[in-house]
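Heads up, the sequence shown is in full-length UniProt numbering, so the first residue is 1 and it goes up one at a time.
Note that beta-carbon positions come from the ideal geometry of N, C-alpha and C, so glycine has one too.
Since the structure is predicted, the reported quantities are computational estimates derived from the model, not experimental observations.
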Amino acid sequence: MKLFKKKQKSLAEGNILTAVADGNLVSLDNVPDEVFSKRTLGDGVAIQIRSNTIVSPADGVINSIYPHAFGITLSNGIEILVHIGVNTVVLKGKGFETLAEKNTSVKRGDKIIRIDKEFIESSGLNCITMMVVTDPKDYHFTFQTEGIACEGASIVATYKTMTE
Numbered sequence: 001m002k003l004f005k006k007k008q009k010s011l012a013e014g015n016i017l018t019a020v021a022d023g024n025l026v027s028l029d030n031v032p033d034e035v036f037s038k039r040t041l042g043d044g045v046a047i048q049i050r051s052n053t054i055v056s057p058a059d060g061v062i063n064s065i066y067p068h069a070f071g072i073t074l075s076n077g078i079e080i081l082v083h084i085g086v087n088t089v090v091l092k093g094k095g096f097e098t099l100a101e102k103n104t105s106v107k108r109g110d111k112i113i114r115i116d117k118e119f120i121e122s123s124g125l126n127c128i129t130m131m132v133v134t135d136p137k138d139y140h141f142t143f144q145t146e147g148i149a150c151e152g153a154s155i156v157a158t159y160k161t162m163t164e
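This is how it looks when you write it as structure tokens:
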């Protein structure tokens, strides 16, 4: 397994998305939820999380927030969905604490949601967390789908315009 270094200097401020949590990167193909594994909502990456905080993968504006998920719009119009766990909506917010509000600006690495991982897992649910690009605009994404990720620091996706 590859251990990522902190932000690479050449991409630190460029077209990147960073890990939303600490943990092991997983291909969406291996997510036990067909909505994500079949990429119904878009392409992306999952993290089998080890931490209790979920952070923003980039600078942007929170366009939606729920106890178990949030959406963010980047300045270039790209939209990203971060969804915590499989079937966690059944918990009706229990085990989750939102730390940001809709329509607020956030920076890469800002804490968005805190979870009680032990409670969620003791409820029989998987805490695997998916980050999918729901509106890629005119960009092509490349996702890192294996290795160990550090929240807000490890680069898990790069993107460029279709013409680059």
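Problem - CB of Met131 within 8 Å of CB of Gly44, strictly - result: A contact, by the Cβ cut-off of 8 Å.
Practice task
Please determine, among Val156, His68, Ile72, the residue with the shortest C-alpha to C-alpha distance to Asp110.
Solution key: For the residues Val156, His68, Ile72, the minimum Cα distance to Asp110 belongs to Ile72.
Practice task
Could you check what DSSP says for Glu101 in three-state terms: helix, strand or coil?
Solution key: Looking at Glu101 - three-state DSSP - the assignment turns out to be coil, as it is neither helix nor strand.
Problem - Residues that DSSP places opposite Leu25 in a beta bridge - result: According to DSSP, Leu25 bridges with Ile47.
Exercise for the section: Run the CB neighbour count on Phe36, radius 10 Å, all protein chains shown included, and call it buried at 16 or more, exposed below. Expected result: Under this definition Phe36 is a buried residue.
Handout entry: Among Pro136, Ser51, Thr142, Glu101, the one whose alpha carbon lies nearest that of Tyr66
Key = Nearest C-alpha to Tyr66: Glu101.
Practice task
Indicate whether at least one CB of chain D lies closer than 8 Å to the CB of Ile155.
Solution key: This model lacks chain D altogether; it includes just one protein chain.
Exercise for the section: Specify whether the region 77 to 92 and the region 115 to 129 touch according to this definition: at least 3 beta carbon pairs, one from each stretch, less than 8 Å apart. Expected result: With a cut-off of 8 Å on Cβ pairs, the region 77 to 92 is in contact with the region 115 to 129, counting three or more such pairs.
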